[in-house]
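Student: Would you mind keeping the following structure in view while I ask a few things?
In this note's numbering, the protein residues as written are -4 to 141.
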(Lines of atoms letter the chains of each structure in order from A and count residues from 1; the text may use other names and numbers.)
(Lines give C-alpha, C1' and ligand atoms only; values in the text may rest on other atoms or scores of the structure.)
Protein backbone atom coordinates (compact mmCIF):
# COMPACT_ATOMS: atom_id res chain seq x y z
CA UNK A 1 0.00 0.00 0.00
CA UNK A 2 1.11 3.54 -0.72
CA UNK A 3 -0.06 7.00 0.36
CA UNK A 4 0.56 10.38 -1.23
CA UNK A 5 -0.45 13.67 0.36
CA UNK A 6 -0.42 16.68 -1.94
CA UNK A 7 -0.67 20.21 -0.52
CA UNK A 8 -0.03 23.73 -1.77
CA UNK A 9 3.28 24.96 -0.32
CA UNK A 10 2.07 28.58 -0.45
CA UNK A 11 -1.14 27.79 1.47
CA UNK A 12 0.86 25.70 3.94
CA UNK A 13 3.12 28.69 4.57
CA UNK A 14 0.16 31.08 4.81
CA UNK A 15 1.26 33.00 1.70
CA UNK A 16 -1.99 32.60 -0.24
CA UNK A 17 -5.33 34.08 0.76
CA UNK A 18 -6.26 30.70 2.21
CA UNK A 19 -6.48 32.05 5.72
CA UNK A 20 -5.00 30.92 9.00
CA UNK A 21 -7.47 28.06 9.48
CA UNK A 22 -6.65 26.44 6.11
CA UNK A 23 -2.92 26.84 6.77
CA UNK A 24 -3.37 25.24 10.20
CA UNK A 25 -5.32 22.31 8.69
CA UNK A 26 -2.65 21.79 6.04
CA UNK A 27 0.02 21.84 8.75
CA UNK A 28 -2.02 19.24 10.66
CA UNK A 29 -2.22 17.06 7.54
CA UNK A 30 1.52 17.30 6.92
CA UNK A 31 2.33 16.57 10.58
CA UNK A 32 0.09 13.49 10.51
CA UNK A 33 1.54 12.34 7.18
CA UNK A 34 5.07 12.75 8.54
CA UNK A 35 4.16 10.63 11.57
CA UNK A 36 2.63 7.99 9.27
CA UNK A 37 5.81 8.07 7.16
CA UNK A 38 7.94 7.59 10.31
CA UNK A 39 5.97 4.47 11.27
CA UNK A 40 4.85 3.22 7.84
CA UNK A 41 5.95 -0.33 8.65
CA UNK A 42 3.40 -0.52 11.49
CA UNK A 43 0.64 0.11 8.93
CA UNK A 44 2.14 -2.17 6.26
CA UNK A 45 2.71 0.81 3.97
CA UNK A 46 5.41 0.51 1.33
CA UNK A 47 5.70 4.24 0.67
CA UNK A 48 4.42 7.53 2.01
CA UNK A 49 4.94 10.64 -0.12
CA UNK A 50 4.33 14.22 0.95
CA UNK A 51 4.24 16.51 -2.08
CA UNK A 52 4.33 20.27 -1.46
CA UNK A 53 3.36 21.93 -4.73
CA UNK A 54 4.44 25.46 -5.65
CA UNK A 55 2.88 27.83 -8.18
CA UNK A 56 6.02 27.86 -10.31
CA UNK A 57 5.96 24.12 -11.07
CA UNK A 58 3.68 21.70 -12.88
CA UNK A 59 2.68 19.96 -9.65
CA UNK A 60 2.77 16.41 -10.90
CA UNK A 61 2.24 13.71 -8.28
CA UNK A 62 5.38 12.29 -6.64
CA UNK A 63 4.44 8.63 -7.05
CA UNK A 64 0.74 7.95 -7.53
CA UNK A 65 -0.49 9.22 -10.92
CA UNK A 66 -3.81 10.67 -9.77
CA UNK A 67 -4.81 14.33 -9.60
CA UNK A 68 -8.24 15.58 -8.57
CA UNK A 69 -9.80 18.43 -10.51
CA UNK A 70 -12.79 20.74 -10.27
CA UNK A 71 -14.48 23.12 -12.69
CA UNK A 72 -14.18 26.80 -11.78
CA UNK A 73 -15.37 29.55 -14.13
CA UNK A 74 -15.73 27.05 -16.99
CA UNK A 75 -12.11 25.90 -16.60
CA UNK A 76 -10.58 22.72 -15.26
CA UNK A 77 -8.57 23.47 -12.12
CA UNK A 78 -6.34 20.90 -10.42
CA UNK A 79 -6.92 20.49 -6.70
CA UNK A 80 -3.91 21.54 -4.68
CA UNK A 81 -4.92 19.43 -1.67
CA UNK A 82 -5.55 15.71 -1.94
CA UNK A 83 -4.67 12.35 -0.43
CA UNK A 84 -4.33 9.27 -2.62
CA UNK A 85 -4.24 5.81 -1.07
CA UNK A 86 -3.28 2.84 -3.23
CA UNK A 87 -4.36 -0.58 -2.01
CA UNK A 88 -2.46 -3.81 -2.51
CA UNK A 89 -4.72 -4.70 -5.45
CA UNK A 90 -3.89 -1.41 -7.20
CA UNK A 91 -7.21 0.25 -6.38
CA UNK A 92 -6.75 3.94 -5.63
CA UNK A 93 -8.86 6.00 -3.27
CA UNK A 94 -8.78 9.75 -3.76
CA UNK A 95 -9.69 12.09 -0.92
CA UNK A 96 -10.07 15.73 -2.01
CA UNK A 97 -12.07 17.06 0.95
CA UNK A 98 -9.67 18.52 3.58
CA UNK A 99 -11.77 17.18 6.49
CA UNK A 100 -11.67 13.68 4.97
CA UNK A 101 -7.92 13.91 4.38
CA UNK A 102 -7.23 14.91 7.97
CA UNK A 103 -9.61 12.24 9.27
CA UNK A 104 -7.87 9.48 7.28
CA UNK A 105 -4.38 10.61 8.29
CA UNK A 106 -5.31 11.10 11.96
CA UNK A 107 -6.93 7.67 11.96
CA UNK A 108 -3.64 6.21 10.78
CA UNK A 109 -1.78 8.10 13.51
CA UNK A 110 -4.26 6.75 16.06
CA UNK A 111 -3.57 3.18 14.86
CA UNK A 112 0.18 3.81 15.14
CA UNK A 113 -0.21 5.20 18.66
CA UNK A 114 -1.97 2.00 19.74
CA UNK A 115 1.01 -0.22 18.89
CA UNK A 116 4.24 1.77 19.26
CA UNK A 117 5.86 2.44 22.61
CA UNK A 118 5.54 6.01 23.82
CA UNK A 119 3.36 8.76 22.47
CA UNK A 120 2.98 8.81 18.68
CA UNK A 121 0.14 11.34 18.59
CA UNK A 122 0.35 14.66 16.77
CA UNK A 123 -0.65 17.99 18.31
CA UNK A 124 -3.42 19.33 16.11
CA UNK A 125 -4.69 22.87 15.68
CA UNK A 126 -8.01 23.68 17.36
CA UNK A 127 -9.79 23.41 13.99
CA UNK A 128 -8.10 20.08 13.23
CA UNK A 129 -8.89 18.73 16.68
CA UNK A 130 -12.56 19.66 16.19
CA UNK A 131 -12.71 17.80 12.87
CA UNK A 132 -11.19 14.71 14.46
CA UNK A 133 -13.44 14.94 17.52
CA UNK A 134 -16.47 15.04 15.21
CA UNK A 135 -15.12 11.96 13.40
CA UNK A 136 -14.78 10.15 16.76
CA UNK A 137 -11.59 8.28 15.83
CA UNK A 138 -10.06 8.37 19.25
CA UNK A 139 -7.21 10.60 18.02
CA UNK A 140 -6.67 13.56 20.32
CA UNK A 141 -5.84 17.14 19.53
CA UNK A 142 -5.08 19.86 22.06
CA UNK A 143 -7.05 19.45 25.25
CA UNK A 144 -8.81 22.39 26.89
CA UNK A 145 -6.68 23.90 29.59
CA UNK A 146 -3.40 23.22 27.78
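Beta carbons are placed, not taken as given, at the ideal position from N, Cα and C, and that holds for glycine.
(1) On the criterion of 16 or more Cβ atoms from any shown chain inside 10 Å, does residue 66 qualify as buried, or is it exposed?
(2) Anyone know if the C-beta pair for residue 1 and residue 81 falls short of 9 Å?
(3) Alpha carbon to alpha carbon, what distance is there between residue 85 and residue 57?
(4) Which complete alpha helix (DSSP H) runs does the region 6 to 90 hold, if anything under 4 residues is left out?
(5) How should residue 64 be labelled, buried or exposed, when 16 other C-beta atoms within 10 angstroms of its C-beta is the threshold for buried?
(6) Output the distance between the C-alpha atoms of residue 30 and residue 10, rounded to the nearest integer angstrom.
Tutor: A quick look at the data gives this:
(1) By one-based count along the chain shown, residue 66 stands at place 71. The residue is exposed, with fewer than 16 neighbouring Cβ atoms inside 10 Å.
(2) Numbered from its first residue, the chain shown carries residue 1 at position 6. Numbered from its first residue, the chain shown carries residue 81 at position 86. Not a contact, by the Cβ cut-off of 9 Å.
(3) Translated into positions along the chain shown, residue 57 becomes position 62. Translated into positions along the chain shown, residue 85 becomes position 90. About 17 Å.
(4) 15 to 33
(5) Numbered from 1 along the chain shown, position 69 holds the residue referred to as residue 64. Residue 64 is exposed by the Cβ-count criterion.
(6) One-based indexing of the chain shown puts residue 30 at position 35. One-based indexing of the chain shown puts residue 10 at position 15. Approximately 25 Å, taken between the alpha carbons.
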